[in-house]
Every structure is written in C-alpha cells, then in structure tokens.
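So the structure is just underneath, and the comments pick up after that.
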Amino acid sequence: MWGIEVLFKGKNFLRLLEGLGIALEISMVSVLISIPIGIILGILMAGNNPVIKAILRIYLDFIRIMPQLVLLFLVFFGTTKVWGWDLSAEASSIIVFSMWGAAEMSDLVRGALKAIPAHQYESAQMLGLTALQTKIYIIIPQCIRRLIPLSINLITRMIKTTSLVLMIGVVEVLKVAQQIIEANRMSVPNAAFGVYLFVFALYFAVCFVLSMAARKLEKKWS
Amino acid sequence: MDPQVINEYLPLFGDAALLTVGLGAAGIGLSIVIGLICSLVQFYRIPAARQIVRIYIELSRNTPLLIQLFFIYFGLPKIGIKTDPTVCGIVGLAFLGGSYMAETFRSGLEAVDKVQSESAYTLGLNRFQTFIYVILPQAVSTSIPPFVANVIFLLKETSVFSAVSLMDLMFTAKDLIGLYYNTTESLFLLVVFYLIILLPVSLLGALLERKLTGYRTANEKVRRGMIAQRKEASGNVGN
Amino acid sequence: MSETSELLEIKHLTKSFGTTSVLEDINLTVRKGEAVVLVGPSGCGKSTLLRCIGALEDIQGGEIIIDGERIVKGGKNPKVGMVFQSYDLFPHLNVLDNITLAPRKVLKRDKAQVKEEARELLRRVGLADKEKSLPRELSGGQKQRVAIVRALIMQPEIMLFDEVTAALDPEMVREVLEVILDLAKQGRTMMIVTHEMQFARAVADRVIMIDGGRIIEENTPGRFFTEPQTERARQFLNTFTYESVKK
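Residue numbers (my numbering), protein chains in the order written: chain X, 471 to 692; chain F, 380 to 618; chain E, 1466 to 1712.
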C-alpha cells in the first residue's frame, strides 16, 4: 500500500539504513572536529584582543550568513577549480560542516562565558581562589552545563544539514531512496511516497531523540 | 575571473535572486501566520489543538527541509496530492518556518510576566484588550531578535529549492558550472547575490536589537526580581 | 592598646569610575572586634567602599591597610570575607561543596575536617538539614545564610556585608540578620552596609554615614539615631519615619 511495501523488497530497508549511517557518520566526524575548534574560537571571541576578535568576526559572520549549500559548492566546485586538487564530495562535506559547526560552537561558547555573572568571579576571588582555580572549579563546570544541551542541539542541526550532501553527489540516504524508487519504477509505481515517508521518519527518529535529550538536560541543569 | 562572463551571467543571477527572494518572502509570510496561530494555541492552552500543534512542531523541527520538500514534491503526488514546484517550495518553507516562528512567538508571549495581565484585568481590560494593548507589545519586543534570526535562517534554507527544479540561485550556479565550466565566475556571483539578500536583513536585525536592548534590560530587571521573589516565596513554603 | 588593635585603616581613599568621583578622601579606622555600620542614601558610595576594602576595585588615591598589609586590587586577601546582596552561591555545587571548596583548594585543608567544620557552622545558622541541597532549592534567606557560612569558614579577620538583606522578602530578613547579630556577639570584626535601621542600631558599635562619596558623620548608634550631629543625617533619618507626613 502507498509504496511502503517496496521497503521490504530485497535489501532495500537495510540499504536505506546504511545510507542514513553515512549521513550520521559525516555529521559525527564534523561535530568531533568542530567542537574543540569552536571552543578555542569561542574563548578567543570572549577575550579582549580586538585584532583577533575583528578577524574572527568577519570569518564567523561569513560562515554563518552563507547557506551551507553555498559553502558546499564553494569547497567542492570552487577549491577544486582554483587549486586543482581532487577533493571527494565526502571530504568536502566534512570540511564545510566542520567549519560551519566550529563557527556555531564558538558562538555558543562565547555566549556561555558571557552569561556567567561577574559576581561569580568576585565571590571566588573573595574566597581566595586563584584565577586558575576559579576557572577550573567555578567557571568551566557552569559553562559545560550550559553547553551540553546546546551542543546536542548543534548535533541535531548538523544531522539535518547533512541531507544537503545529496546535492553534491554523496550517496547517502536520500540518494539510496532515489535509486530504490528508480529501480522499482515499474513494479511499485507509488514507491516515492512510501520511501520518502520512511526517510522522513528516519530523520525524525534520530533528531527527535536528540532534541528530547537536550531538553531534559537543559531542564535538569537550568 | 572574466568580467565578460560576469556581465553575461549577471541577468541570469538577477532573475534567480528575484525568485529566491519572492519564494522566500511568500514562505516566510505564511510561516508567520502559522506561527502566530500555533503560538496562540499554546499560550492559551487550547485543548486538543494544543496537542496537534505540539506534534506539528516536533515533526517540522526535527526533519530537514530537503526531506520535507522531497516528500511533498515526489511523495504526495502518489496519493493524489500534486503540487507544482513553486507551491511546493512555498508550502515546504512555511511547514518548516511555521514551527520556528511558533516557538519564537510563544517564548515572547511567555516572557511577559503574569502580573502584567493580572494588573490589566484589575484595571478592567478584557482578555482581548489585555492581549492587544499589554501582552502583544511586550512580546513583540522580546521576539524581534529571534524573529530576525528565523528570517535569515529561512532565507538560507531556500537554497535547497533547486532540488525540486526551481530555478533559484543554486540552480543557476550549478547549471552554469555544469554547462560552461565558468566555476569561479558562477560561484562569485552566487556568493555576491546571497550577500545582497542576507546582509541587509542581518544588519537590520542588529540595528533593531541594539534599539530594543535598552527597553528590554529595564524590563528584564524588574521581571527577574519578581521571579526571584516568587521562587523564594515558594521555596519558603517547602520548609 | 588602641593603636595596636586597629585592624583596618583607610587613609585618604579616593575612588572614581572614569570621570565620576565616587569616594573622596575617606579616612577611617576599624578596631578588632568592632561592628561598623555604614548608612547613607542609594548611590552614596558605601557599597563601593566595601568593594574597595574587598580588593574588588582599583583605587585612585590613598591606601587601605588591613593588619599591616596594603590592599591591592585582585591581590590575595584572605583576611577579608565578603557577602553580597545577590548571594552568589556557585549554582553547580551543593551547599556543602559551596562551603568547603575554598578551604580545601585555597587553604589546602583536609576534606573530612573541613566538612565537619562546615556542618557545625551550618547547624549554628539552622541549616543542618540542607547540606546536600543545591542553591536553587533554597529560599533567599537560606542562600544568604549559606553565603555567610561560606565566607566565615575561611576565618577572615574582617567580614564585609553588602546590603545582604536587600533582595530578601521581609519575613526572611530576620533569619539572616540574627546570624549577623550572633557574629557581633562573638566579637567578630564587621563592616555592614544596610538599609535596616533597627538592625543597624542593634548591631553597631559605631555608625558611619556617607553621602556624596564623603563621610558626613561618625557616631555611636545611640546618638546617631536620636540626636545626629549633622543636618544631612537628620534629613536622611527622617526618610525612614512618617512623623512629618502626619497632619
């Protein structure tokens, strides 16, 4: 019914899950790269060096204002043309999502640092804690609590964004879906409905679980 | 980079940008309507409708626009719901944007302190008057920065429209790269046109935010004080 | 004897934020065991004075000497304990950890021993059952009592209280002030900024009124509240009574 039966033909179900696996893999690798870079950039952005801040600002604003698909095109088509190197679609995706994720993460870190009231530093100072002790025992634990739910949300956004890699030809869940629909054009003419509904459900399942986890932690630590 | 080529491509990108902006504006307009309705349903806790809104928001926020568009454009026709690319793009963007707008408006409404509506009632204003004259103006001012962020986000999201064969900026760039290999010029124009569309919105947002902060911080201080007091009061009962 | 028992000495202190002068030529001494209450209208500079003593502000002129040592902004200052209006407990640590963090990390004291001492102090302020609570689970008055204990356990020579009841609901003010009164009875050296005039009268050995960044009057509480020497102090005290408003 409605083309859903095509999912149970051959290895279609498994192939779609594998496609999702590739999308998740790209997001995870990008997140793992972007979080440490984002933390460093965020600390620099919350700091006091005006030159570093100005340069970072331009870079981060450009990354954050451009659609991620444009960034993908710039890296996948642009750098290969200019530098003549051979960059796979997967590698381009990871570069772009890492750059984008780092920019977003840095903004979260900057926000978390700025959100700590001055009185927290002053109370620590009055108790005789050194600057380093204040960071280790007071500031960083509070920042981490703020950042974990926000980072999970960033992972969710990253996963949703990986759907774009289809547009530069990475074979992931949407591409597999297209292949399955194409292959069953005659036998299951309504496959598009069932298959895309299933892909929709797959993305929803992954992102919903992450969103719920983020919300729970946010509530717990607020 | 060849200025000749740029000159030649300029009108093509100009048309595409108009399409991007037009579809974006229509989709965002519709998002605002959906968002307003949903936020009111949630704010006034209208039974049944509230659960539906909740489900819609979760579905919309936890799936990528590209998948939503594929489902609408390729999936739905198989059960008899056919849309042309333009309608599909607008509906898809509104389906996505509606939930983002709803969340923004709802938190704006909820940020207005309960005491505000209570004092309006005691002054004799009815529910509707209270909403229009007391709640809404305050909610709008807190909602503006996230609202502008939503607009920028949704305009950026239009970049996937080419997947349902809409001839937007991405479509034009990809087409020209594929046909004539003028990659540098195409990508340059692509970036320039997105900047022309997005920079003014972003600058306007920054300007509005600066204008509003004065009012908001004053407002927030009072509110924080009240919240703190209430929390203490309730904490005290627990002893 | 009186010379040697001077704990805090402030000489010609001036403090300004940019071009706005906040404190001008403040001269003041506090003896060991004395409770000094600072009063004055909002914005008069009394809180800034406490923050200068707590080494939280840099000063533009003069000096602050505690027990023979000059105070420098940001310097280590274990002789001073300070409690703020906004409690400022560390939100991620429970009550016991809030209190024991500094003795363990700064004084490198033994954990078990510090815990025992913290429990004893908590018992004295009536919070024995709250050691595992997180700050957000406490009422304002409870938080403020924990903040006082947190400062006390460092055994400071002098305690500074900066409008510690200003953010509290009226019924919680008393439980905090009683703790401070108790400290006064034990002979703690304290400087207290407050708007609670009844409390000021009860706790103070000496009252200092500040207005416009200058010391206007220094007096015993008995005399300050009944027959102030300056017209400015009289006007200020009048703002707390409603005699003149009656027909």
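The beta carbon of each residue, even a glycine, is placed where N, CA and C say it ideally should be.
C-beta neighbour in chain X for residue i, strict 8 Å
| i | result |
| --- | --- |
| residue 552 of chain F | yes |
| residue 1537 of chain E | no |
| residue 1551 of chain E | yes |
| residue 1521 of chain E | yes |
| residue 1570 of chain E | yes |
| residue 441 of chain F | yes |
| residue 539 of chain F | yes |
| residue 1557 of chain E | yes |
| residue 518 of chain F | no |
| residue 528 of chain F | no |
| residue 1656 of chain E | no |
| residue 606 of chain F | The predicted position of residue 606 of chain F is uncertain, since its pLDDT is 41 and thus under 50; a value taken from the coordinates is nonetheless stated next. Closer than 8 Å: no. |
| residue 570 of chain F | yes |
| residue 388 of chain F | no |
| residue 562 of chain F | yes |
Residue i versus residue j - alpha carbon distance
| i | j | result |
| --- | --- | --- |
| residue 395 of chain F | residue 629 of chain X | 28 Å |
| residue 1534 of chain E | residue 1494 of chain E | 14 Å |
| residue 323 of chain F | residue 413 of chain F | Because chain F in this structure spans residues 380 to 618, residue 323 of chain F falls outside the shown range and cannot be described. |
| residue 446 of chain F | residue 640 of chain X | 15 Å |
| residue 674 of chain X | residue 438 of chain F | 7 Å |
| residue 513 of chain F | residue 578 of chain F | 33 Å |
| residue 1690 of chain E | residue 1579 of chain E | 41 Å |
| residue 1605 of chain E | residue 1502 of chain E | 22 Å |
| residue 1625 of chain E | residue 1577 of chain E | 28 Å |
| residue 672 of chain X | residue 490 of chain X | 8 Å |
| residue 521 of chain X | residue 456 of chain F | 55 Å |
| residue 1486 of chain E | residue 1678 of chain E | 8 Å |
| residue 582 of chain X | residue 499 of chain X | 24 Å |
| residue 670 of chain X | residue 689 of chain X | 28 Å |
| residue 477 of chain X | residue 638 of chain X | 25 Å |
| residue 390 of chain F | residue 570 of chain X | 30 Å |
| residue 659 of chain X | residue 473 of chain X | 7 Å |
| residue 492 of chain F | residue 511 of chain F | 15 Å |
| residue 409 of chain F | residue 418 of chain F | 14 Å |
Test: residue i CB closer than 8 Å to a CB of chain F
| i | result |
| --- | --- |
| residue 681 of chain X | yes |
| residue 660 of chain X | yes |
| residue 545 of chain X | no |
| residue 663 of chain X | yes |
| residue 476 of chain X | no |
| residue 567 of chain X | no |
| residue 667 of chain X | yes |
| residue 483 of chain X | no |
Residue-level contact to chain E via CB, residue i, 8 Å cutoff
| i | result |
| --- | --- |
| residue 582 of chain X | no |
| residue 615 of chain X | yes |
Bridge-paired residues (DSSP) for residue i
| i | result |
| --- | --- |
| residue 1482 of chain E | E:1485 |
| residue 678 of chain X | Answer is none; residue 678 of chain X lacks a bridge partner. |
| residue 1626 of chain E | E:1548 and E:1657 |
| residue 1500 of chain E | E:1655 |
| residue 1526 of chain E | E:1479 |
| residue 1674 of chain E | E:1504 and E:1682 |
| residue 1408 of chain E | Here chain E comprises residues numbered 1466 to 1712, so residue 1408 of chain E is not present and cannot be evaluated. |
| residue 1495 of chain E | E:1473 |
Interface residues of chain X facing residue i [CB-CB closer than 7 Å]
| i | result |
| --- | --- |
| residue 1543 of chain E | 598 |
| residue 1567 of chain E | 597, 598 and 599 |
| residue 437 of chain F | 678 |
| residue 535 of chain F | 537 |
| residue 566 of chain F | 543, 544, 547 and 548 |
| residue 1637 of chain E | Under the 7 Å cutoff, chain X gives no residues; its nearest Cβ is about 20 Å from residue 1637 of chain E. |
Under 7 Å from the C-beta of residue i: neighbouring residues of chain E
| i | result |
| --- | --- |
| residue 592 of chain X | 1521 |
Within chain F, the residues that residue i reaches when beta carbons sit closer than 7 Å
| i | result |
| --- | --- |
| residue 473 of chain X | 457 |
| residue 540 of chain X | 538, 569, 570 and 573 |
| residue 515 of chain X | Within chain F, no residue comes near residue 515 of chain X; the closest Cβ sits about 16 Å away, beyond 7 Å. |
Chain B residues whose Cβ lies nearer than 7 Å to that of residue i
| i | result |
| --- | --- |
| residue 577 of chain F | Here chain B cannot be found, since the structure's protein chains are X, F and E. |
Contacts that residue i makes with chain X (C-beta to C-beta distance below 8 Å)
| i | result |
| --- | --- |
| residue 1619 of chain E | 597 and 598 |
Amino acids of chain F, ordered along the chain, whose beta-carbon sits closer than 9 Å to that of residue i
| i | result |
| --- | --- |
| residue 529 of chain X | Residues of chain F passing the Cβ test: none, with the nearest at roughly 14 Å. |
| residue 575 of chain X | Chain F residues near residue 575 of chain X: none, gap ~17 Å exceeds 9 Å. |
Where residue i meets chain X, residues with beta-carbon distance less than 9 Å
| i | result |
| --- | --- |
| residue 1546 of chain E | 596 and 597 |
Original post:
the region 603-635 of chain X: which residues have C-beta closer than 7 Å to a C-beta of chain E, in chain order?
Top reply: Taking 7 Å as the Cβ-Cβ cut-off against chain E, the residues of the region 603-635 of chain X that qualify are 603, 607, 608, 611, 612 and 615.
Original post:
Listed in chain order, which residues of the region 549-560 of chain X have Cβ atoms closer than 9 Å to some Cβ of chain F?
Top reply: For the region 549-560 of chain X, the set of positions with a beta-carbon nearer than 9 Å to some beta-carbon of chain F reads 550, 551 and 552 in chain order.
**OP:** Below 8 Å between beta carbons is the criterion; list the residues of the region 469-482 of chain F that meet it against any residue of chain X, in chain order.
**Re:** So the list is empty, because no residue satisfies the distance condition.
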